[in-house]
Amino acid sequence: MKIVCIFASGLFAMQYKGSSLNELARLIALWNDPKYIEQWLWVNQNDFASSDLDEIASRLIEDALTMEEMVLEALDIGLDTVFRPLHNLKSAQLFISKEKLRRNYFRLYAIRIDENCYVITGGAIKAPMVLKMQERDFLQHELDKLDKVHDFLKNHQIIDKESFYEMLEE
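Heads up: the sequence shown is residues 1 to 170, going by this note's numbering.
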């Protein structure tokens with residue numbers, strides 16, 4: 001696993017062993033694949049209140065197109081304006097914290113290193129009928145990746161941008 005720079009202005013992403021893409025690039029490619037969206041929707045159709053899968057698929061495909069735009073816009077206005085604490089009832093911490101960027105059903109999961117500095121660890125499509133990440137194996141997997149990267153950063157005594165950039169230079 002390695003951390004790769006996406007944008008020098010403070011956005012990074014994990015690139016896990018065995019993958020040729022960092023997590024942001026992998027997810028954007030996956031979410032912009034209509035076949036993947038349709039397959040995912042078919043498997044998870046019971047997690048939606050509506051049974052109109054065509055309508056949901058159209059909305060997912062439309063939202064997927066805007067995820068990359070959201071990230072790019074966030075770089076201009078500040079990443080802190082779009083990332084929120086992972087758990088809705090918690091407020092952001094100053095020390096490395098678990099965060100999410102959300103667009104309807106899509107989630108990008110990240111670790112907030114410092115002000116406007118994030119490492120994307122993964123992402124998922126989270127249907128409205130799923131309240132907790134632990135309810136679905138694929139969401140639990142994303143939570144596990146968040147925990148693993150969080151622990152990695154803590155073990156390397158990352159507490160802010162300065163210590164993070166020092167670690168990257170090593």
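C-beta: ideal position from N, C-alpha, C; glycine also. Just so you know, these numbers come straight off a predicted model, no measurement behind them.
Alpha-carbon to alpha-carbon, residue j and residue i
i	j	result
A125	D144	Reading off the sequence shown, one finds Ile at residue 125, where the question assumed Ala. If I take the Cα positions, the gap works out to 16 Å.
N155	S163	12 Å
G123	L108	4 Å
C117	M1	19 Å
F48	A127	6 Å
P85	I111	10 Å
T81	V119	15 Å
R26	Q157	28 Å
L11	K35	29 Å
I61	R102	15 Å
E166	S9	16 Å
Contact set for residue i: own chain, Cβ-Cβ below 6 Å, skip 5 residues either direction
i	result
L139	A124, M133
N104	D63
S97	R112
N32	A64
Nonlocal neighbours in the same chain, by C-beta distance under 8 Å from residue i, ignoring five residues either side
i	result
S129	Before going further, note that residue 129 is Met rather than Ser in the sequence given. N46, D47, F48, A49.
Residue from the options whose Cα sits closest to the Cα of residue i
i	options	result
G78	F152, F7, E170	F7
F106	M67, E99, D54	M67
L131	E69, I61, H87, A29	H87
E171	E142, E73, E69	Outside the displayed span of the chain (1 to 170) sits residue 171, for which this structure offers no information.
L72	D52, S58, F152, I28	I28
I37	A57, R136, E69	A57
Own chain residues within Cβ distance below 7 Å of residue i, not counting five before or after
i	result
L168	I3
T121	M14, E23, Y109, A110, I111, K145, L146, V149
L153	I96, I111
R136	V130
C5	F12
Cβ distance (whole Å) where residue i is taken to contact residue j below 8 Å
i	j	result
D160	D114	5 Å
Any chance the segment 14–21 sits against the segment 39–56, with 3 or more Cβ pairs inside 8 Å?
no
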